[in-house]
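Residue numbers (full-length UniProt numbering): 1 to 323.
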Amino acid sequence: MEKIKHRHIRTNGINIHVAEIGDGPAILFLHGFPELWYTWRHQMLSLSSRGYRAVAPDLRGYGDSDAPPRASSYTAFHIVGDLVGLLDALDLDRVYLVGHDWGAAVAWYFCLLRPDRVRALVNMSVVFQPRNPNRRPVESMRAILGDDYYICRFQEPGEVEEEFARVDTARLIKKFLTSRNPAPLIVSKEVGFGGSSQKPIVMPSWLSEEDVEYYASKFDKKGFTGGLNYYRAMDLNWELMAPWTGVQIKVPVKFIVGDLDLTYNTPDMWLQSHSSCPVCRTRVRARGTGSSVGPIENSQESVVGSGSGFGWISSLPNQAIVV
Numbered sequence: 001m002e003k004i005k006h007r008h009i010r011t012n013g014i015n016i017h018v019a020e021i022g023d024g025p026a027i028l029f030l031h032g033f034p035e036l037w038y039t040w041r042h043q044m045l046s047l048s049s050r051g052y053r054a055v056a057p058d059l060r061g062y063g064d065s066d067a068p069p070r071a072s073s074y075t076a077f078h079i080v081g082d083l084v085g086l087l088d089a090l091d092l093d094r095v096y097l098v099g100h101d102w103g104a105a106v107a108w109y110f111c112l113l114r115p116d117r118v119r120a121l122v123n124m125s126v127v128f129q130p131r132n133p134n135r136r137p138v139e140s141m142r143a144i145l146g147d148d149y150y151i152c153r154f155q156e157p158g159e160v161e162e163e164f165a166r167v168d169t170a171r172l173i174k175k176f177l178t179s180r181n182p183a184p185l186i187v188s189k190e191v192g193f194g195g196s197s198q199k200p201i202v203m204p205s206w207l208s209e210e211d212v213e214y215y216a217s218k219f220d221k222k223g224f225t226g227g228l229n230y231y232r233a234m235d236l237n238w239e240l241m242a243p244w245t246g247v248q249i250k251v252p253v254k255f256i257v258g259d260l261d262l263t264y265n266t267p268d269m270w271l272q273s274h275s276s277c278p279v280c281r282t283r284v285r286a287r288g289t290g291s292s293v294g295p296i297e298n299s300q301e302s303v304v305g306s307g308s309g310f311g312w313i314s315s316l317p318n319q320a321i322v323v
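Here it is as C-alpha cells:
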C-alpha cells in the first residue's frame, strides 16, 4: 500500500484526490457507494506490477475529494467533467475504464459523452440502462417498487443523513458491502437502514475490520451527502441526457455481475442493455456474490486470469479501436 502515491488535482472547479501507481497503459478505476479509491487497492498493486498505470480517484463527494453541497452539482456532466480534467492533468489521452456500482453508472455516461477518451470498459453490477423518454427514473422506481425502495428513500435531502447518523458508521458500511440478497432493497422508515437486529454481521474473506474502519473514518469525516447526491441527481440527469436518447455504447465492453445481484436477477435489464451496447463482448457471472462484486477480484488469478475483466483488458490491442 505504501507504494501507491496520493495527490490532489484541481479539475472542473474542485479538488479531486487521486491514488496512482505504475507506468504504462492507464486504467482508470471508478468506485461505487459507499466506497472510495481504496476499493481498488488490490487491483492497483497487481496490475501495476504487470506494466499498467493504475489510477483511482475519490469521486466528487467522497473521501478526500471536495464535496459540493447541492445535488445539482452531481450530474453526469459534472462527474465526467471531473474525470476528463483529471485525465488532462495526468496527460492521459485514452484509458481503460473500470467501474463498479455508481462508478459503473459514471463509466457508462463517460462512454456516451466522451468515447474518444476510452480504449475499453470493464463494468460491474450496473448495466447500461437506455433513457426512457416517457418517464423519469425515480418516478418509475416509485411506481414499481414503492416509496420504501432505497433509492426512493435517498431522495429527500437530509432525511437519510439523519437516519445514518443514528447508526454506527462501521456497521452501516458492513451492511451495504456484505449484502447478498438478490431482491430489491426495501427499507421502511420503521426499521431503518440500521436494521432491527444488532447481531454481528458475518464478514466475507475479502473485507477485514481494518478495511471497514478505513471506510468508516472517511465517511465519519466527510459524511454521506456527497454519495447520496448521485441518487438525488438521477432525475436531473434524465432531463440533461435527452439529446443522447437512443445513443448506443460504442466502445468494447466486458460486464461482470454477481449471481446474487439484483441486476442478474432482472432479465429485462439484460435485454435493454444488450440492444444498447452492441460491442459488449462478454458477460461474466460471479458465483455467490451480490452487488459488491468488485472485491472478488482480490485473488491473483481473478485479477489477471483470462476469465477476468482485467485479463480481458490484457488481451486487447494497446490501441483498441472505438467503433
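Glycine included, each C-beta is placed from N, C-alpha and C at the ideal position. On a predicted model such as this, the values are computed, not experimentally measured, just so you know.
Spatial distance of D148 from T225 (CA atoms): Numbered from its first residue, the sequence shown carries residue 148 at position 148. Numbered from its first residue, the sequence shown carries residue 225 at position 225. Whole-angstrom Cα-Cα distance: 19 Å.
Nearest neighbour of S125, chosen from S276, C277 and V257 [CA to CA]: To locate residue 125, count along the sequence shown from 1; it is residue 125. Relative to S125, the option among S276, C277 and V257 whose CA is nearest is V257.
Spatial distance of L83 from P252 (CA atoms): Position 83 of the sequence shown, counted from the start, is the residue given in the question as residue 83. Position 252 of the sequence shown, counted from the start, is the residue given in the question as residue 252. About 19 Å.
Sequence-distant residues of its chain with Cβ nearer than 6 Å to K5 (five each side left out): Position 5 of the sequence shown, counting from 1, holds the residue named residue 5. For K5, where only same-chain residues beyond five positions count, the Cβ hits under 6 Å are E20.
Length of the line joining the Cα atoms of W206 and S73: Sequence index remark: in the sequence shown, residue 206 carries index 206 (1-based). Sequence index remark: in the sequence shown, residue 73 carries index 73 (1-based). Distance from the CA of W206 to the CA of S73, rounded to the nearest whole angstrom, comes to 33 Å.
As assigned by DSSP and simplified to three states, the class of M203: Position 203 of the sequence shown, counted from the first residue, corresponds to residue 203. Collapsing the DSSP output to three states places M203 in coil.
Limits of the unbroken alpha helix (DSSP H) element including R153: Start at 1 with the first residue of the sequence shown, and residue 153 comes out as number 153. Element bounds for R153: Y150 to R153.
With 16 other Cβ atoms within 10 Å as the buried cut-off, status of P200: Taking the sequence shown and counting its residues from 1, the one referred to as residue 200 is at position 200. With fewer than 16 Cβ atoms within 10 Å of its Cβ, P200 is classed as exposed.
Option nearest A104 by Cα separation, candidates L59, A26 and G192: One-based indexing of the sequence shown puts residue 104 at position 104. When L59, A26 and G192 are compared, the shortest CA-CA separation from A104 is found for L59.
Coil, strand or helix - N12 by DSSP: Here residue 12 corresponds to residue number 12 of the sequence shown, with the count starting at 1. Residue state for N12 is assigned as coil, using DSSP reduced to three classes.
R119, DSSP secondary structure in three states: Counted from its first residue, the sequence shown places residue 119 at position 119. Strand.
Nonlocal neighbours in the same chain, by C-beta distance under 6 Å from L30, ignoring five residues either side: For this step, residue 30 is matched to residue 30 along the sequence shown. The answer, listed in chain order, is G99, G103, V106 and A107.
Through-space distance from D88 to L121, alpha-carbon basis: Within the sequence shown, residue 121 is the residue found at index 121, counting from 1. Within the sequence shown, residue 88 is the residue found at index 88, counting from 1. Taking C-alpha positions only, L121 is separated from D88 by approximately 19 Å.
For V75, the nearest candidate out of C277, G227 and K254 (CA to CA): Within the sequence shown, numbered from 1, the residue matching residue 75 stands at position 75. Residue identity check: residue 75 is Thr in the sequence provided, not Val. Nearest to T75 by C-alpha distance, out of C277, G227 and K254, is G227.
Proximity below 9 Å, CB of W40 to CB of V18: Position 40 of the sequence shown, counted from the first residue, corresponds to residue 40. Position 18 of the sequence shown, counted from the first residue, corresponds to residue 18. No.
Close beta carbons around A233, own chain, < 6 Å, minus the five adjacent residues each side: Start at 1 with the first residue of the sequence shown, and residue 233 comes out as number 233. Taking A233 as the centre and dropping the five residues before and after it, the same chain places the C-beta of A71, Y74 and T75 closer than 6 Å to its C-beta, in chain order.
Of the residues G51, K222, P68 and P133, the one placed nearest A165, counting alpha carbons only: Residue mapping note: residue 165 aligns to position 165 of the sequence shown, counting from 1. The residue with the shortest Cα to Cα distance from A165 is K222.
From V138, F77, G61 and K3, residue whose alpha carbon lies closest to that of G22: On the sequence shown, residue 22 is found 22 positions in, with the first residue counted as 1. Closest by alpha carbon: K3.
DSSP state of A183 mapped onto helix, strand, coil: Position 183 of the sequence shown, counting from 1, holds the residue named residue 183. The answer is coil: DSSP assigns A183 none of H, G, I, E or B.
Close Cβ partners of A54 (< 6 Å) along its chain, the five nearest in sequence each way excluded: Walking along the sequence shown from the start, residue 54 turns up at place 54. These residues qualify, in order along the chain: I21, G22, I27, M44, L47 and S48.
Beta-carbon proximity list for H8, same chain, < 6 Å, skipping 5 on both sides: Counting from one through the sequence shown, the residue named residue 8 turns up at place 8. Contacts found: N15 and H17.
E139 (DSSP reduced to helix, strand or coil): Locating residue 139 in the sequence shown gives position 139, where the first residue counts as 1. It is helical.
Opening and closing residue of the beta strand (DSSP E) in which V98 lies: For the purposes of this step, residue 98 is taken as the residue at position 98 of the sequence shown. Counting along the chain, the beta strand (DSSP E) containing V98 begins and ends at V95 to H100.
Spatial distance of A67 from H78 (CA atoms): Taking the sequence shown and counting its residues from 1, the one referred to as residue 67 is at position 67. Taking the sequence shown and counting its residues from 1, the one referred to as residue 78 is at position 78. Using only the alpha carbons, I get a separation of about 12 Å.
Same chain, Cβ closer than 8 Å to V191, neighbours up to 5 away in sequence not counted: As a working mapping, residue 191 is identified with position 191 in the sequence shown. Within the same chain, V191 has no close Cβ partners at all.
Beta-ladder partner(s) of P57, from DSSP: One-based indexing of the sequence shown puts residue 57 at position 57. Beta-bridge pairing links P57 to V18.
Buried or exposed by the 16-neighbour rule on C-beta atoms within 10 Å, applied to residue 326: Past the edges of the chain, shown from 1 to 323, lies residue 326, and the structure says nothing about it.
Simplified DSSP state of R232, which is helix, strand or coil: Counting from 1 along the sequence shown, the entry for residue 232 is found at position 232. In the displayed model, R232 falls within a helix according to three-state DSSP.
Whole-angstrom distance between W244 and E210, CA atom to CA atom: Here the question's residue 210 lines up with position 210 in the sequence shown. Here the question's residue 244 lines up with position 244 in the sequence shown. Taking the straight line joining both Cα atoms gives about 43 Å.
Distance between G81 and L113 (C-alpha atoms, nearest Å): For the purposes of this step, residue 113 is taken as the residue at position 113 of the sequence shown. For the purposes of this step, residue 81 is taken as the residue at position 81 of the sequence shown. Each residue's Cα considered, the two are about 10 Å apart.
Beta-carbon contacts of G13 that lie in its chain and below 8 Å, excluding the five residues immediately before and after: In the sequence shown, residue 13 corresponds to position 13, counting from 1. So the list is empty, once near-sequence residues are dropped.
G61 burial status per 10 Å Cβ neighbour count (16 or more: buried): For this step, residue 61 is matched to residue 61 along the sequence shown. The C-beta of G61 has 16 or more other C-beta atoms within 10 Å across all chains shown, which makes the residue buried.
The alpha helix (DSSP H) enclosing L28, as first and last residue numbers: Start at 1 with the first residue of the sequence shown, and residue 28 comes out as number 28. DSSP places L28 in no alpha helix (DSSP H) but in the uninterrupted beta strand (DSSP E) bounded by A26 to L30.
Chain D within 9 Å of A54, Cβ atoms only: Absent here is chain D; the protein component of the structure consists of one chain.
Exposure of R94, with buried meaning 16 or more beta-carbon neighbours within 10 Å: To locate residue 94, count along the sequence shown from 1; it is residue 94. When all chains shown are included, R94 counts as buried.
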